[in-house]
Structure formats: C-alpha cells, structure tokens
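Take a look at the structure set out below.
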Amino acid sequence: EDALNAGPWSVMDKPHTPPSGDKHDYYSVGPYWWPNPQSADGLPYVRRDGETNPERARYDSDPLKDLVDTVDILALAYFFSDDERFARHAAYLLRVWFLDDATRMNPHLNFGQAIPGICEGRGIGIIDTLQLSRTVDAIGLLAPSIHWGNTDQLGMLDWFHRYTNWLLQSQLGRDEARQHNNHGVWYDVQLAAFALFAGMKEVARTVLMTSAPQRIAAQIEPDGSQPHELARTRSLSYSVMNLHGLMDLARLGDHFDLDLWRFVGRNGSGIQAALDYLIAHAVDATWDRPQITPFDPADLLPLLLRAAAIYPETEYAAVAERIGNSMNDQNDFPARR
Numbered sequence: 008e009d010a011l012n013a014g015p016w017s018v019m020d021k022p023h024t025p026p027s028g029d030k031h032d033y034y035s036v037g038p039y040w041w042p043n044p045q046s047a048d049g050l051p052y053v054r055r056d057g058e059t060n061p062e063r064a065r066y067d068s069d070p071l072k073d074l075v076d077t078v079d080i081l082a083l084a085y086f087f088s089d090d091e092r093f094a095r096h097a098a099y100l101l102r103v104w105f106l107d108d109a110t111r112m113n114p115h116l117n118f119g120q121a122i123p124g125i126c127e128g129r130g131i132g133i134i135d136t137l138q139l140s141r142t143v144d145a146i147g148l149l150a151p152s153i154h155w156g157n158t159d160q161l162g163m164l165d166w167f168h169r170y171t172n173w174l175l176q177s178q179l180g181r182d183e184a185r186q187h188n189n190h191g192v193w194y195d196v197q198l199a200a201f202a203l204f205a206g207m208k209e210v211a212r213t214v215l216m217t218s219a220p221q222r223i224a225a226q227i228e229p230d231g232s233q234p235h236e237l238a239r240t241r242s243l244s245y246s247v248m249n250l251h252g253l254m255d256l257a258r259l260g261d262h263f264d265l266d267l268w269r270f271v272g273r274n275g276s277g278i279q280a281a282l283d284y285l286i287a288h289a290v291d292a293t294w295d296r297p298q299i300t301p302f303d304p305a306d307l308l309p310l311l312l313r314a315a316a317i318y319p320e321t322e323y324a325a326v327a328e329r330i331g332n333s334m335n336d337q338n339d340f341p342a343r344r
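According to the numbering used here, the sequence shown holds residues 8 to 344 in order.
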C-alpha cells in the first residue's frame, strides 16, 4: 500500500546537468570518490574504496534504485492480488522514467560514475543499471493488466533494444565487458537479460554460452574464494554481490538448457564451491578479510534459498534457517564483525 504513494522519479529531477547539457541523459558520480583535501577546489577527486560519498544521492543512481524497488513491489503485489491499483501505479512510474517525452531517460550511460576533475563517465558506471534486470521481469508480471497497453510494451522493448545495442557498441560498454571482477559479471547479466527481453536471443545465447562459463572459471578459485572481490575493503559484501551475479547468469542460462549451476572450470571451481566458501568463512566462522562496513547476514539468504532449490541434496536450506533463527534471536552473528 505504501508503494502506491511512492514516486514518480525522473532523470529530469536531478539538480546537476550532465556534460551533454541534456538532463534526459543519466548522470552519476563514482560512489567511492571524494573531494581532494590537497586542492583548493577539491579537484581532482580522490578514491576511498568502500566509503560512499553522500554527494552520489544528488544524481540519478538513488532515484533509479527507488524506481526499481517500487516497481518490483507493485508488480508482485499485482501478480498475487490481481488488484489493478498496483499495476496502474507501476505502469505510471515506468512511463515517467522510460517513455514520456518530457521525463524519459535516454538509453545510454555515457555519464555513469563520472569522477569530477578526471572523467565525464566510465565503463564501470554501467553497473548502475544492474538492477534493471529485475525491471524486465516486473514488466512481464504487468502484462495481463488493463493498465499496461501495447504501446507501453512496445516502448519498453524499443528502449531496451537501444540500450542493449549501446552496451554492445559503445566504447564504455566494451570497456566494461573486459572487466575481470563483479563488473564483468554484472555486464553479462544485463546484456543477457536485456537482450532476451528485447528479442535479441542470439546476443543472449552468445553471452551465456561463451562469456559466462569463462567468468565462473576465471573468478572462482578451487577453494571457492573470489580473489578479485577479496581484494576489496568490503570483501564479504563484494563476494556475495558477485555470486549473486553468477547465479543470475545461471538462471538466465536455463533459457537455453545451459546448466551453469553445475559448470566446473578446469581448476574445479564453480558456483557451488563459491557458496560453500562463504558458508565456511562467514557463517561457520568469523570473516577474517577486510570488511570496513557492517555486513547484513540477510544478504546471504537469497543465495542459500536459490541454491537449496537447485541442489536439493545439500544442507543450504538448513543453513538459511539457521541464519534466520539467529537474526530473529538477535544473537551476535560472526559475519557482522
């Protein structure tokens, strides 16, 4: 019910104008970049990994997250209740952000995660739209509604078709595709999800059959650790985030009868090994790698519940229940420290 009163959001609402001069262009700044204390004007910004600059909230990234979360809630509420109020408001929010001429976002991220004094946008800014893979699922839930018309559907298909082409053809998109950590994984998730939605099936097939297995093999060690993520100041958070992305790739692979869930690289690494590593080091023991911000154990639950359905012979459901009980009892949980 609260979601019925949320929004709308638009790229036109931000107080900053991107370098193009067009507020229809998405604009954000890198989360871990701060004013330079050694210069009078604060430029160029300097990096403080894992420490989020609150300036970021004054750009487009936070409103986009709010949009995605709210549309998710409304679409699910409509799916389970058939209450057209939820579909009507979700459709309205989507039209404002993506379709209406006065408020729409242009389908590119040329100015994502800019760094003041250094660059106007970066390939790694593409991770800002990773959550839109949930939005294409939400649109599917809205399809039966009288408030989601053919014009809406065609408009969204066109938007994501153009955005997918930008991901493939732009220099920033190619830069992100070459990333070896969670950025590369989430680029593949977006490319496959958006291509499937937009009817670009062969693009999705290529990503999932060629790139996704390489990501798994290259990013997970035989013991299940993810070295690119362990190098970060929030190593547990990033390990969990990357595994979420790898599981999303596996879910998308199901569309092509491709079993990435059980794919194992030459070194014996795979998705299940990565989850087992997190259980051993963050559930059954205290995490001993850098984690400069508190970690919420609830972030592990989606991984465990998805894995329990895929690997029913395992104890993942029991581990999830143990975490849930620990949180309910407000006991100290090892991963919090």
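Ideal Cβ positions, reconstructed from N, Cα and C, are used throughout, including at glycine. Every value quoted in this text rests on a predicted model; they were computed, and no experiment measured them.
By the 16-neighbour rule on beta-carbons within 10 angstroms, G252 is buried. Your pair H235 and N188 checks out as a contact, with CB atoms roughly 4 Å apart and the cut at 8 Å. Using a C-beta cut-off of 8 Å, the stretch 23-34 makes no contact with the stretch 87-106, since fewer than three inter-stretch Cβ pairs fall below that distance. Each of T213, G191, G206 was checked against the Cα of A225, and the nearest Cα belongs to G191.
Look at S244 here: in three-state DSSP terms it is helix. Judged by pairs of C-beta atoms under 8 Å, the stretch 230-245 does not touch the stretch 117-124, as fewer than three such pairs exist. Pairing R241 with P297 gives a Cβ-Cβ distance under 9 Å.
DSSP places I278 within a helical segment (H, G or I) once states are collapsed to three. For G128, no alpha helix (DSSP H) encloses it, and the DSSP letter there is neither H nor E. When C-beta atoms of the stretch 192-206 are compared with those of the stretch 137-157, three or more pairs fall below 8 Å, so the two segments count as touching. DSSP places Y34 in the strand class (E or B) of the three-state scheme. Cβ contact annotation for T300 (same chain, cutoff 8 Å, sequence separation greater than five): G57, R241, S244, in chain order.
Per DSSP, A305 lies in no alpha helix (DSSP H) segment and is marked neither H nor E.
Within the model, the alpha-carbon separation for M248 versus Y99 is close to 30 Å. Here DSSP, grouped into helix, strand and coil, assigns G162 to helix. In this structure, the beta-carbon distance from L174 to I133 falls below 9 Å. Secondary structure note for G180: its alpha helix (DSSP H) is the uninterrupted segment 178-184. Sixteen is the threshold: when 16 or more other Cβ atoms of the shown chains lie within 10 Å of the Cβ of P25, as they do, the residue is buried. Non-local C-beta neighbours of T59 in its own chain, meaning closer than 6 Å and more than five positions away in sequence, comprise P38, ordered along the chain.
DSSP places Q197 within a helical segment (H, G or I) once states are collapsed to three.
I122 carries a strand assignment under DSSP once its states are collapsed to helix, strand and coil.
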